[in-house]
Amino acid sequence: MAGRGGVTNDTKTGVTTWDGVVPLECNPSSSIMKLNGHLKWVEAHEPLHEDIDTLKTNGVGPGMVFANYVLEKNLEFGLVGLVPCAIGGTNISEWEKGKVLYNHMMKRVKASLNDGGSVRALLWFQGESDTVALATGLGPYIEIVRQAQMGIDLLNLKTVDAKGLPLQPDGLHLSTPAQPRKREKGSYPMICLPPYEQLAKPNHYTDAAMLPPP
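Taking the working numbering, the leading residue of the sequence shown gets 0, the next gets one more, and so forth.
As structure tokens, this is what we get:
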């Protein structure tokens, strides 16, 4: 999810704009960097994907609140380097291994390791493109699939339950207030601070990072 929190569409002009509202939990920090569109490290700030998902208007997403939570819970963590890769409006099938978006993501991930960093987690949140199934014959099976997703038990892989989070007026995208509420739901504590021995070593991907998008 590139993040559309605070993005609205003017129905008269067709122009989409971001309201510029940044929750405290998403504030920039000198300890939070991002790999920008030119594969250079810069200080991260919202909208995190503004130079990645360039064909759309970006707003608040899950990346900054996640990074701030990591630093809040582990004062000795050091620097957090975010590698935003999301492209809004894409289907999960477009991220299959070997396809353009997957290859682009892996190029960015590998570039992030050039300065001696390591991959510690993959934060994946599938957006609205695949929710069309709710309005089709697949509707009755949504809860079955949901239960299966929440029941996955793999090393270094945790699922985040976003059901019930507030949406934008379009009824599809998560709103700005929804991003900090992921912390309140107890999602981030499960995924951002695993035991050290399960974390990736330098130049090595965790199981979670190597999995295709869920």
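Positions of the beta carbon are idealized from the N, C-alpha and C atoms, including for glycine.
Note that the structure is a prediction, hence the values are computed from the model and not measured.
query	result
Length of the line joining the Cα atoms of S30 and W40	12 Å
Backbone CA spacing between Y140 and T158 [nearest angstrom]	19 Å
Other residues of its chain near A110: CB distance less than 7 Å, five sequence neighbours each side excluded	L34, L38
Inter-stretch contact (C-beta, 8 Å, three-pair minimum) for the region 45 to 59 and the region 68 to 76	no
Distance CB(G2)-CB(G58) smaller than 7 Å	yes
Cβ-based neighbour list, Y195, same chain, cut-off 6 Å, excluding 5 preceding and 5 following	Here the model assigns Y195 a pLDDT of 38, short of 50, so the residue's position is not dependable, and the following value carries that caveat. Excluding residues within five positions, none has a Cβ falling inside 6 Å.
M63 and C84 closer than 7 Å at C-beta	no
Pick from T15, K11, V79 that is closest to A43, judged by C-alpha positions	V79
Contiguous alpha helix (DSSP H) assignments of at least 4 residues, all confined to the region 71 to 130	99 to 111
I220 (DSSP reduced to helix, strand or coil)	This structure cannot settle anything about residue 220, because the visible part of the chain is limited to 0 through 213.
L54, enclosing beta strand (DSSP E) - first and last residue	Careful: L54 lies outside any beta strand (DSSP E) and carries neither H nor E.
Contacting residues, own chain, Cβ-Cβ under 8 Å from D114 (five flanking each side not counted)	W40
Own chain, CB closer than 8 Å to L70, minus 5 neighbours either side, in chain order	S28, S30, I31, F76, V79
Coil, strand or helix - N26 by DSSP	coil
Length of the line joining the Cα atoms of K98 and I86	14 Å
K33: first and last residue of the uninterrupted beta strand (DSSP E) it sits in	31 to 34
For V21 and N8, the rounded distance between their alpha carbons	18 Å
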